[in-house]
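Asks: For the sequence shown, the working numbering begins at -15 and goes up steadily by one. The C-beta atom is built at its ideal place from N, Cα and C for all residues, glycine as well. A quick note: this is a predicted structure, and the numbers were derived from the prediction, not measured.
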Amino acid sequence: MLPTVVIIAIAALSVSLPLLAMAVLARPNPAQQRAVSNLRRGLQRGGTGDAQDLAKDEGSAELRALARRMTPARSVKVLERLLSRAGRPPAWPLDRLLAVKLLLPVVIGALALFYASKAPGLASVGIGIGATVVGYFLPELLLYSRGQERSKKIALELADTLDQMTIAVEAGLGFDSAMARAGKNGKGPLAEELVRTLQDIQVGQTRRAAYESLAQRTEVPDLRKFVRAIVQADKYGIAIADVLRTQAFEMRMKRRQRAEEKAMQIPVKVIFPLMLCILPVLFIVLLGPAAIGIVATFK
């Protein structure tokens, strides 16, 4: 029977050789290469380190291209959707995430292989495989958590933002102007999304497409409902002020209902900490002296 380390080494080679062959044989699209080179033309920084900076940029570009080629197209689409929902953080560009998704499992797998060689056994092999799998899906998990937090913030800010837009529209502004004012005065993720929607309209998208892109990016049910109401009002000529007033009232009511629901969940959530942490200590404090007195009496 082969040792565990040899089995792990054979498995690692069987996985890495197809990836290496795909990386060597796969070639980028020549038209895409020409387009990228044309876009980068004239963007080199001046100074004494132009050659070094250019070499560094070319090396990082090759690494990003390699990571994109070795990542399945479905994973790239999932990362794109999660990035859009998370607001595309500047520190997490897609190419960097793909590079991390490619290198992190390799590093974790090497460390797991080293650990398995020092302490062979099924437990070490299982821990190494689990850590490698978690490392591969870690970018998706982080982006999903970031997107969930951002969606919650948008849902909380939606009612107040709609109130501001309602006041602006009733004061005589158009819907786009009211949206621009709400985006300018706001500071959260919803204000950023409103500004981006207006920019999409300014660069040539139709209003309906820009509104639908807003709902698709955020994936917030309340905001999607608001977008549908705005699209219907624009299609059938309904007064936008009435739609805004109705939607703001419904969003405030939903926010209050969510707060009441969370308040009703508090007693259920407190039961387990109460039973595990507070009641045992309370019993010890109350019954401890009595137990000590009973023991001393029977002695």
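At the level of alpha carbons, what is the spacing between residue 269 and residue 72?
Replies: Numbered from 1 along the sequence shown, position 285 holds the residue referred to as residue 269. Numbered from 1 along the sequence shown, position 88 holds the residue referred to as residue 72. About 53 Å.
Asks: Relative to the C-alpha of residue 159, which residue among 195, 257 and 252 is closest?
Replies: The residue labelled residue 159 in the question sits at position 175 within the sequence shown. Among 195, 257 and 252, the Cα nearest to that of residue 159 belongs to 195.
Asks: Considering Cα atoms alone, identify which of 96, 262 and 86 is closest to residue 113.
Replies: Position 129 of the sequence shown holds residue 113. Closest option to residue 113, Cα to Cα, is 96.
Asks: Does DSSP put residue 156 in a helix, in a strand, or in coil?
Replies: In the sequence shown, residue 156 corresponds to position 172, counting from 1. Correct three-state label for residue 156: coil.
Asks: Quick check: residue 58 and residue 203, are their CB atoms within less than 8 Å of each other?
Replies: Position 74 of the sequence shown, counting from 1, holds the residue named residue 58. Position 219 of the sequence shown, counting from 1, holds the residue named residue 203. Cβ atoms of residue 58 and residue 203: not closer than 8 Å.
Asks: When burial is assigned at 16 or more other CB atoms within 10 Å of the CB, is residue 98 buried or exposed?
Replies: Mapped onto the sequence shown, residue 98 falls at position 114. Exposed, because fewer than 16 other Cβ atoms sit within 10 Å of the Cβ of residue 98.
Asks: Using a Cβ-Cβ cutoff of less than 8 Å, which residues in the same chain neighbour residue 276 once the five nearest sequence positions on both sides are dropped?
Replies: As a working note, residue 276 is residue 292 in the sequence shown. Closer than 8 Å at Cβ, skipping near neighbours: no residue.
Asks: Can you list, in chain order, the residues of its chain with a C-beta nearer than 6 Å to that of residue 137? Leave out the 5 residues immediately preceding and following it.
Replies: Counting from one through the sequence shown, the residue named residue 137 turns up at place 153. Hits under 6 Å: 172 and 173.
Asks: Would you call the CB atoms of residue 201 and residue 176 closer than 8 Å?
Replies: Along the sequence shown, one-based indexing puts residue 201 at 217. Along the sequence shown, one-based indexing puts residue 176 at 192. No, Cβ-Cβ distance for residue 201 and residue 176 is not below 8 Å.
Asks: Should the stretch 72 to 89 be regarded as contacting the stretch 111 to 126, the criterion being three or more beta carbon pairs within less than 8 Å?
Replies: Cβ pair count under 8 Å is three or more, so yes.
Asks: Please state whether the Cβ-Cβ distance between residue 217 and residue 224 is less than 8 Å.
Replies: Your numbering for residue 217 matches position 233 in the sequence shown. Your numbering for residue 224 matches position 240 in the sequence shown. Yes.
Asks: Please look up how many angstroms separate the CB atoms of residue 123 and residue 50, rounded, as I've assumed it's under 8 Å.
Replies: As a working mapping, residue 123 is identified with position 139 in the sequence shown. As a working mapping, residue 50 is identified with position 66 in the sequence shown. With a Cβ gap of about 17 Å, residue 123 and residue 50 do not count as contacting.
Asks: Three Cβ pairs or more, each shorter than 8 Å: is that satisfied between the stretch 141 to 160 and the stretch 232 to 242?
Replies: Taking 8 Å as the limit for Cβ pairs, the verdict is that the stretch 232 to 242 does touch the stretch 141 to 160.
Asks: What is the rounded straight-line gap between the Cα of residue 237 and the Cα of residue 198?
Replies: Stepping through the sequence shown from its first residue, residue 237 is reached at position 253. Stepping through the sequence shown from its first residue, residue 198 is reached at position 214. For residue 237 and residue 198, the distance between alpha carbons rounds to 23 Å.
Asks: Roughly how many whole angstroms lie between the Cα atoms of residue 260 and residue 248?
Replies: Here residue 260 refers to the residue found at position 276 of the sequence shown. Here residue 248 refers to the residue found at position 264 of the sequence shown. Straight-line Cα distance between these residues: approximately 21 Å.
Asks: For residue 267, count neighbouring Cβ atoms within 10 angstroms of its own Cβ and tell me buried if that reaches 16, exposed if not.
Replies: By one-based count along the sequence shown, residue 267 stands at place 283. Burial call: exposed.
Asks: Should residue 131 go down as buried or exposed, given a rule of 16 or more other Cβ atoms within 10 Å for buried?
Replies: Within the sequence shown, numbered from 1, the residue matching residue 131 stands at position 147. It counts as buried.
Asks: Under 8 Å, do residue 163 and residue 140 count as touching if we go by C-beta distance?
Replies: On the sequence shown, residue 163 is found 179 positions in, with the first residue counted as 1. On the sequence shown, residue 140 is found 156 positions in, with the first residue counted as 1. No, Cβ-Cβ distance for residue 163 and residue 140 is not below 8 Å.
Asks: Exposed or buried, residue 134, counting other C-beta atoms within 10 Å across all chains shown (16 or more means buried)?
Replies: As a first step, residue 134 must be located in the sequence shown, where it is residue number 150. Under this definition residue 134 is a buried residue.
Asks: Under the rule that 16 or more other beta-carbon atoms within 10 Å means buried, what is residue 210, buried or exposed?
Replies: The count along the sequence shown starts at 1 and reaches residue 210 at position 226. Buried, by the Cβ-count rule.
Asks: Would residue 60 and residue 52 be called neighbours here (beta carbons separated by less than 8 Å)?
Replies: Taking the sequence shown and counting its residues from 1, the one referred to as residue 60 is at position 76. Taking the sequence shown and counting its residues from 1, the one referred to as residue 52 is at position 68. Result yes, Cβ atoms of residue 60 and residue 52 sit closer than 8 Å.
Asks: Report the residue from 227, 110, 77 and 207 whose alpha carbon sits nearest the alpha carbon of residue 151.
Replies: Indexing the sequence shown from 1 puts residue 151 at position 167. When each option's Cα is compared against that of residue 151, the closest is 227.
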